[in-house]
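Protein chains in written order, with my numbering: chain A, 24 to 353; chain B, 24 to 353. Glycine included, every Cβ here is placed at the ideal spot set by N, Cα and C. Some notes on the structure that comes next.
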């Protein structure tokens, strides 16, 4: 559990993609974000008001969020002095980097002295068990993708919000760093020990009331040579009643792998439905969510209409068209 | 890398299944095993000569193998005095338990003083990367199963030995604790971080000469709700040219899950071939290996003949019939 409100630390980032964690929480949980703390040279913003550490502490900030990422996931030593200052100001430190905060003795000592926590989102401390495949009560939807980074988190959050606005009880279940920060809790599914992937997914969406929907953030793709194992364990443990296929237009190949072509929507439907039925024979695809940002409005609408007709399923861009058509299926 | 020769410590085990690790290495690498060390009350044996720690040290034992397992994978504190004694005698300590040897300060200190290693097989220290799906040179065979514990390690070791006896260059690639102990190296694939399953499998069977066969020990089953993610990542990373389907007769349900029925051989073939083709379009099943220990010789032979005819593939029990029919396919 991550305590809010947050101060979002974005360092001296210059690439908007590198502050995805900070931007996700600013976009989806603005009420949790007191402000952002940037260093000289920073060229990007979350849109939150600029605050320094003392100002944020005065306003009650409970967590100092390392809201940036870099390739390798290393913690830049230049940032340590700012983290130490936030600890002194009484904030928990929350990191989604590969490098563990708890590997820095000076941070550990200072955190003990100040009685605050070092929260390494990517290093789950939860004791996990292997999956059981046993049916749980309540209803579940999982977003699955043709590829990584096609909008599964955005679609899941949009669906959760839309269900709640329709007075349907729904909970967003986070499986990645950004989602965890938005939700304030969750399990970083690609960071658990391989033996426990589906067991972790089972714990993530426990028994619930019969009409409740858990909207589970998907990860990776069954067609991605690097991450399909994670996607399959998450699918089996989630036992989804409903699947939403997520896709992004104008990708020529799988993310990070120029030699691997993208699967078709049809393949993605077939792969996911047949795998999902191992733990939920009633699993079905209820719609398609497409990131159409690479094309014009008219092209987006045409593509969605054609795809909708082809598969006899609603097909929308959650950003351009909203997700009401998907929610009606639930 | 685990240094041989070994002294196999089996504690006071009473269940032959609980010393699978010790028995596997005694069966498959007798030349690496100086003897076994049992405590009063032990009712099982690996068949190796009984030796105490001093005797084994005199004969040059380099590793003291914790050759037992228990549910939970905990290290019984009663065993610490024996481990400490083996450290004093200059042996590395090798454990496949969940509990890490390095979590016991007295073991860590004594190992430092004696300049020996604490080797936690289940806690790989290797720096791993995510998979790439890039084709590697050399040939690969992966054993895959209808379920867990159906003979994938035994089949893989049998195939490796038979290929070598036919003067075909072949290497057994271990992915579980027992296999790692037999091979002296390997990667415990179900113990890596989920993100790195297929990346670990890629590292496990690196580029090789064109005619070389890596025989990769499979894990779990694509139809097992707990472990399918591991199986899929291993399959994608292994890029097998050849698959051998492993099966055990007279199982009524998936191991550990009484509510989950077993898949058919046909389903298992289809699932594995279609998934394997993501990273190796030429992947094909070359035969079926069955553990027939639950039936008579005559029933075993009849079952294998019928199955062989049904799928037009060789079908053997590696223990009863050997694996020559499978090797001829390679």
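May I ask you to list, following chain order, the residues of the region 137-171 of chain B that have a beta carbon less than 8 Å from some beta carbon of chain A?
-> From the region 137-171 of chain B, only 153, 154, 155, 156, 157 have a Cβ closer than 8 Å to chain A.
Please list the residues of the region 205-221 of chain A that have a C-beta atom closer than 7 Å to any C-beta atom in chain B, keeping them in chain order.
-> 212, 213, 214, 215, 216, 217, 218, 220, 221: these are the residues of the region 205-221 of chain A whose beta carbon lies less than 7 Å from some beta carbon of chain B, given in chain order.
Tell me which same chain residues have a C-beta within less than 6 Å of the C-beta of residue 205 (chain A), skipping the five on either side of it?
-> Mapped onto the first chain, residue 205 (chain A) falls at position 182. So the list reads 47, 48, 51, 52, once near-sequence residues are dropped.
Along the alpha helix (DSSP H) that carries residue 80 (chain B), what are the first and last residues, could you check?
-> Position 57 of the second chain, counted from the first residue, corresponds to residue 80 (chain B). Here the alpha helix (DSSP H) through residue 80 (chain B) covers 76-81.
Just to confirm, are residue 196 (chain A) and residue 144 (chain A) a CB contact at a threshold of 9 Å?
-> The sequence position of residue 196 (chain A) within the first chain is 173, counting from 1. The sequence position of residue 144 (chain A) within the first chain is 121, counting from 1. The answer is no: Cβ separation not under 9 Å.
Delimiting residues of the alpha helix (DSSP H) encompassing residue 111 (chain B) = Locating residue 111 (chain B) in the second chain gives position 88, counting from the first residue. It spans 103-111 - the alpha helix (DSSP H) in which residue 111 (chain B) sits, taken as one unbroken run.
Segment limits, alpha helix (DSSP H) that includes residue 291 (chain B) | As a first step, residue 291 (chain B) is located in the second chain; it is residue number 268 there, counting from the start. Segment 288-299, the alpha helix (DSSP H) holding residue 291 (chain B).
Given that residue 34 (chain B) touches chain A, what residues does it touch there, using C-beta distances under 8 Å?
-> Position 11 of the second chain, counted from the start, is the residue given in the question as residue 34 (chain B). Those within 8 Å of residue 34 (chain B) in chain A number zero; the least Cβ separation is about 24 Å.
Please confirm if the region 302-313 of chain B is in contact with the region 261-278 of chain B, defined as three or more CB-CB distances below 8 Å between the two stretches.
-> In short, these stretches touch, since the Cβ pair count reaches three.
With which residues is residue 338 (chain B) paired in a DSSP beta bridge?
-> Here residue 338 (chain B) corresponds to residue number 315 of the second chain, with the count starting at 1. DSSP, once it has assigned bridges, lists B:311 as partnering residue 338 (chain B).
Compare the C-beta of residue 248 (chain A) against all C-beta atoms of chain B and say whether one is closer than 9 Å.
-> In the first chain, residue 248 (chain A) corresponds to position 225, counting from 1. So, interface residue.
For the putative contact between residue 327 (chain A) and residue 347 (chain A), defined by C-beta atoms under 8 Å, what is the C-beta separation to the nearest angstrom?
-> Translated into positions along the first chain, residue 327 (chain A) becomes position 304. Translated into positions along the first chain, residue 347 (chain A) becomes position 324. Incorrect: roughly 13 Å between the Cβ atoms, too far for contact.
Check each residue of the region 287-313 of chain B: if its Cβ is closer than 9 Å to any Cβ of chain A, include it; give the result in chain order.
-> Listed in chain order, the positions of the region 287-313 of chain B with a beta carbon within less than 9 Å of a beta carbon of chain A are 294, 297, 298, 301, 302.
Kindly list, in the order they appear in chain A, the residues whose Cβ is closer than 8 Å to that of residue 282 (chain B).
-> Walking along the second chain from the start, residue 282 (chain B) turns up at place 259. Around residue 282 (chain B), the beta-carbon contacts reaching into chain A at under 8 Å are 156, 157.
Return the chain-ordered list of same chain residues with a C-beta closer than 8 Å to the C-beta of residue 208 (chain A), the five sequence neighbours on each side being excluded.
-> Walking along the first chain from the start, residue 208 (chain A) turns up at place 185. So the list reads 24, 25, 197, once near-sequence residues are dropped.
Using a C-beta cutoff of 9 Å, does residue 251 (chain A) count as contacting chain B?
-> Here residue 251 (chain A) corresponds to residue number 228 of the first chain, with the count starting at 1. True, the Cβ-Cβ gap to chain B drops below 9 Å.
DSSP beta-bridge partners for residue 236 (chain A)?
-> If you number the first chain from 1, residue 236 (chain A) lands on position 213. DSSP lists A:162, A:193 as partners of residue 236 (chain A).
Would you kindly work out how many angstroms separate the C-alpha atoms of residue 172 (chain B) and residue 199 (chain B), rounded to a whole number?
-> On the second chain, residue 172 (chain B) is found 149 positions in, with the first residue counted as 1. On the second chain, residue 199 (chain B) is found 176 positions in, with the first residue counted as 1. About 11 Å.
Show which residues of chain D have a CB atom less than 7 Å away from the CB atom of residue 255 (chain A).
-> The structure shown contains no chain D; its protein chains are A and B.
Would you please verify whether the beta carbon of residue 10 (chain B) is less than 9 Å from any beta carbon of chain A?
-> Chain B is shown only over 24 to 353; residue 10 (chain B) falls outside these bounds and no answer can be derived.
Range of the contiguous alpha helix (DSSP H) that encloses residue 137 (chain A) = Position 114 of the first chain, counting from 1, holds the residue named residue 137 (chain A). Counting along the chain, residue 137 (chain A) sits inside the alpha helix (DSSP H) bounded by residues 128-137.
Assign residue 173 (chain B) to one of three DSSP states: helix, strand, or coil.
-> Here residue 173 (chain B) refers to the residue found at position 150 when the second chain is read from its first residue. Looking at residue 173 (chain B) - three-state DSSP - the assignment turns out to be coil, as it is neither helix nor strand.
Just how far apart, CA to CA, sit residue 84 (chain B) and residue 219 (chain A)?
-> Position 61 of the second chain, counted from the first residue, corresponds to residue 84 (chain B). Position 196 of the first chain, counted from the first residue, corresponds to residue 219 (chain A). Cα-Cα distance, rounded: 35 Å.
Helix, strand or coil for residue 56 (chain A), going by three-state DSSP, please let me know.
-> Taking the first chain and counting its residues from 1, one reaches residue 56 (chain A) at position 33. Correct three-state label for residue 56 (chain A): strand.
If we cut at 9 Å on Cβ distances, does residue 227 (chain A) have a partner in chain B?
-> The residue given as residue 227 (chain A) occupies position 204 in the first chain. Taking Cβ atoms only, chain B never reaches closer than 9 Å to residue 227 (chain A), which makes this a no.
Look at the alpha carbon of residue 129 (chain B) and the alpha carbon of residue 287 (chain B), and state the distance between them as a whole number of angstroms.
-> In the second chain, counting from the first residue as 1, residue 129 (chain B) sits at position 106. In the second chain, counting from the first residue as 1, residue 287 (chain B) sits at position 264. Whole-angstrom Cα-Cα distance: 50 Å.
Determine whether the Cβ of residue 57 (chain B) lies closer than 9 Å to any Cβ atom of chain A.
-> Here residue 57 (chain B) corresponds to residue number 34 of the second chain, with the count starting at 1. No, its Cβ sits nowhere closer than 9 Å to a Cβ of chain A.
Applying a beta-carbon distance threshold of less than 9 Å, which residues of chain A neighbour residue 270 (chain B)?
-> Here residue 270 (chain B) corresponds to residue number 247 of the second chain, with the count starting at 1. Those within 9 Å of residue 270 (chain B) in chain A number zero; the least Cβ separation is about 18 Å.
Have a look at A:249, A:351, A:245, A:136 and flag the residue whose alpha-carbon is nearest the alpha-carbon of residue 297 (chain B).
-> Residue 297 (chain B) sits at position 274 when you count from the first residue of the second chain. Restricting attention to A:249, A:351, A:245, A:136, the CA atom closest to the CA of residue 297 (chain B) is found in A:245.
Alpha carbon to alpha carbon, how far is residue 75 (chain B) from residue 257 (chain A)? Give it in angstroms, no decimals.
-> Locating residue 257 (chain A) in the first chain gives position 234, where the first residue counts as 1. Locating residue 75 (chain B) in the second chain gives position 52, where the first residue counts as 1. Cα to Cα, residue 257 (chain A) sits roughly 47 Å from residue 75 (chain B).
Tell me whether the beta-carbon of residue 44 (chain A) lies closer than 9 Å to the beta-carbon of residue 106 (chain A).
-> Within the first chain, the letter at position 21 stands for residue 44 (chain A). Within the first chain, the letter at position 83 stands for residue 106 (chain A). Going by C-beta atoms, residue 44 (chain A) is not nearer than 9 Å to residue 106 (chain A).
Kindly indicate the opening and closing residues of the beta strand (DSSP E) around residue 270 (chain B).
-> One-based indexing of the second chain puts residue 270 (chain B) at position 247. Note, residue 270 (chain B): beta strand (DSSP E), 265-271.
Helix, strand or coil for residue 256 (chain A) per DSSP?
-> As a position in the first chain, residue 256 (chain A) is number 233, starting the count at 1. DSSP places residue 256 (chain A) within a helical segment (H, G or I) once states are collapsed to three.
Would you kindly work out how many angstroms separate the C-alpha atoms of residue 273 (chain B) and residue 268 (chain A), rounded to a whole number?
-> Here residue 273 (chain B) refers to the residue found at position 250 of the second chain. Here residue 268 (chain A) refers to the residue found at position 245 of the first chain. Approximately 39 Å between the Cα atoms of the pair.
Would you say residue 259 (chain A) faces chain B, with C-beta separation under 9 Å as the test?
-> As a position in the first chain, residue 259 (chain A) is number 236, starting the count at 1. Among the CB atoms of chain B, one or more fall inside 9 Å of the CB of residue 259 (chain A).
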